[in-house]
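Trainee:
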Amino acid sequence: MGTPVETETFEEIETPFETETAEETLTPEGAGTIAEGQTENLTEEETSQPAETEPRTYLVRLREYVIIPSELEINVGDLVVWRNFEDSVFTLTSEEGLFEDQRLGYGNTFNYTFTETGNYSFSVSGYPNMRMTITVK
């Protein structure tokens, strides 16, 4: 009689969590109480994963009169570092006005931490091929 009760319990647990944790719940089969505890632990782990994601730093190169990369997808809280690899002085502009125009000589950098989601465009004054877009998720 213990086996049919466990099977019914697992079916009840699987149904509400099928899209999120059905496979994970089925893997550690055991008593109904253990499966419930494991489901709770899995939920806690899933919740904590975004918190474990630390902000990243991305290097954007101003080189050969282009911006490399020309497109970048990042997360809120990530830092972007623009660095000039040319002898020319470049003026980096945020088309959305995120920051004041930045003059960058050879080897100079400018850092910006993105705090809001959205699509942002950047260019270098006087150089039409030096453009980029950053998408913040």
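Quick note, our numbering runs 2 ahead of the 1-based positions in the sequence shown. For each residue, glycine too, the CB sits at the ideal point set by N, CA and C. For clarity, every value in this text was computed on a predicted model and none was experimentally measured.
Tell me the start and end of each unbroken beta strand (DSSP E) in the region 50-121 that is at least 3 residues and wholly inside, in chain order.
Mentor: Taking only runs of at least 3 residues, the beta strand (DSSP E) segments lying wholly in the region 50-121 are 59-65, 68-70, 73-76, 81-86, 92-96, 104-106 and 111-115.
Trainee: Among 59, 77 and 103, which residue has its Cα nearest to the Cα of residue 120?
Mentor: Among 59, 77 and 103, the Cα nearest to that of residue 120 belongs to 77.
Trainee: Return the chain-ordered list of same chain residues with a C-beta closer than 7 angstroms to the C-beta of residue 73, the five sequence neighbours on each side being excluded.
Mentor: Contacts found: 134 and 135.
Trainee: State buried or exposed for residue 61, treating a residue as buried only when at least 16 other CB atoms are found within 10 Å of its CB.
Mentor: Residue 61 should be labelled exposed.
Trainee: Skipping 5 residues on each side, what residues in its chain have a beta carbon closer than 8 angstroms to that of residue 93?
Mentor: Correct list, in chain order: 103, 104, 105, 106, 126, 127 and 128.
Trainee: Can you check which of these residues, 79, 122 and 131, is closest to residue 137 by C-alpha distance?
Mentor: That would be 122, whose Cα lies nearest to the Cα of residue 137.
Trainee: My guess is that residue 63 and residue 101 are in contact by the Cβ rule of under 8 angstroms, so how many angstroms apart are they, rounded?
Mentor: That belief does not hold up - the Cβ atoms of residue 63 and residue 101 are roughly 19 angstroms apart, past 8 angstroms.
Trainee: Compare the C-alpha of residue 81 against each of 117, 131 and 130 and name the closest.
Mentor: It is 117.
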